[in-house]
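Here the sequence shown stands for residues 1 to 205, numbered as in full-length UniProt numbering. The C-beta atom is built at its ideal place from N, Cα and C for all residues, glycine as well. In this text the structure is predicted, and so the values were computed from the model without any measurement. Single-structure report; data block below.
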Amino acid sequence: MEAHVRPLRADAARNRARVLDAARSAFAEAGLDVGVEEIARRAGVGKGTLYRRFPTKEALVCAIFEDILVEFERVSQEALAGEAVGEAFEHFLETAARMQASNQGFYDVVSRGGADVITPDQSKRFRLAAGGPLSRAQSAGVIRDDLVADDLLMVFRMLGPTTRTFTGGHLSEDYWQRYLGMLLDAMRPAAASPLRAKPWRDPEL
1 MEAHVRPLRA DAARNRARVL DAARSAFAEA GLDVGVEEIA RRAGVGKGTL
51 YRRFPTKEAL VCAIFEDILV EFERVSQEAL AGEAVGEAFE HFLETAARMQ
101 ASNQGFYDVV SRGGADVITP DQSKRFRLAA GGPLSRAQSA GVIRDDLVAD
151 DLLMVFRMLG PTTRTFTGGH LSEDYWQRYL GMLLDAMRPA AASPLRAKPW
201 RDPEL
């Protein structure tokens, strides 16, 4: 027999939504190191209320990352459906990089490899969403065939600091677009030379 899940009372549901909204903006602005006290303050609730909805900070991070992941999967599916394979792949990378540039929490998850931050299922889905457009572009011959999904995750990590290094920590789109263009050129078969090492495999993400 399935256990009956009691729906949240209206006030509890409102508090949960307020916590999620506050955490979403706090993580986007300041990253995963923001404290639960700050999130509770932004939400206008006590820490006890926050912990009743989310027993740990990790549970809250997973809930917020789920929204990001669903959007990332949508962007991946859009790239898989694009008629111009090369353009679709470039648009996928650019959109994903823009998502990261506008969300410090997203970058923190990627840069930390997901360790102790997101669930194993979320890690698997994230890698699959990154790998789909890459495999399609490789099959079409527009991207070199010796790249793997973890190489794309490393590209995101490499781009992350360019969104903040030259802006005193403030978000900026100007710099990462320049370096993404350079990296895209390096991914094309015409620019390919044998890579000097095996791809790094992220054990967590």
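From which residue to which residue does the alpha helix (DSSP H) around residue i run?
i	result
residue 15	10 to 30
residue 57	57 to 81
residue 157	149 to 159
residue 34	First-last for residue 34: undefined, no H or E at that position.
residue 210	In this structure the chain extends from 1 to 205, so residue 210 is not present and cannot be described.
residue 198	Premise fails: residue 198 is in no alpha helix (DSSP H) and is neither H nor E.
residue 109	104 to 111
Would you grab the beta carbon distance between residue i and residue j for me? Rounded to a whole angstrom, and I think it's under 8 Å.
i	j	result
residue 100	residue 159	7 Å
residue 61	residue 117	6 Å
residue 22	residue 39	5 Å
residue 183	residue 94	Their Cβ separation, rounded to whole angstroms, is 11 Å, which puts residue 183 and residue 94 out of contact at 8 Å.
residue 110	residue 157	6 Å
residue 92	residue 133	5 Å
residue 72	residue 126	7 Å
State yes or no: is the C-beta of residue i within less than 8 Å of the C-beta of residue j?
i	j	result
residue 52	residue 26	no
residue 130	residue 153	yes
residue 105	residue 64	yes
residue 143	residue 188	yes
residue 19	residue 69	no
residue 86	residue 137	yes
residue 47	residue 36	yes
Whose C-alpha, out of the options, is nearest the C-alpha of residue i?
i	options	result
residue 149	182, 102, 76 and 47	76
residue 193	175, 145, 162 and 151	145
residue 57	24, 177 and 141	24
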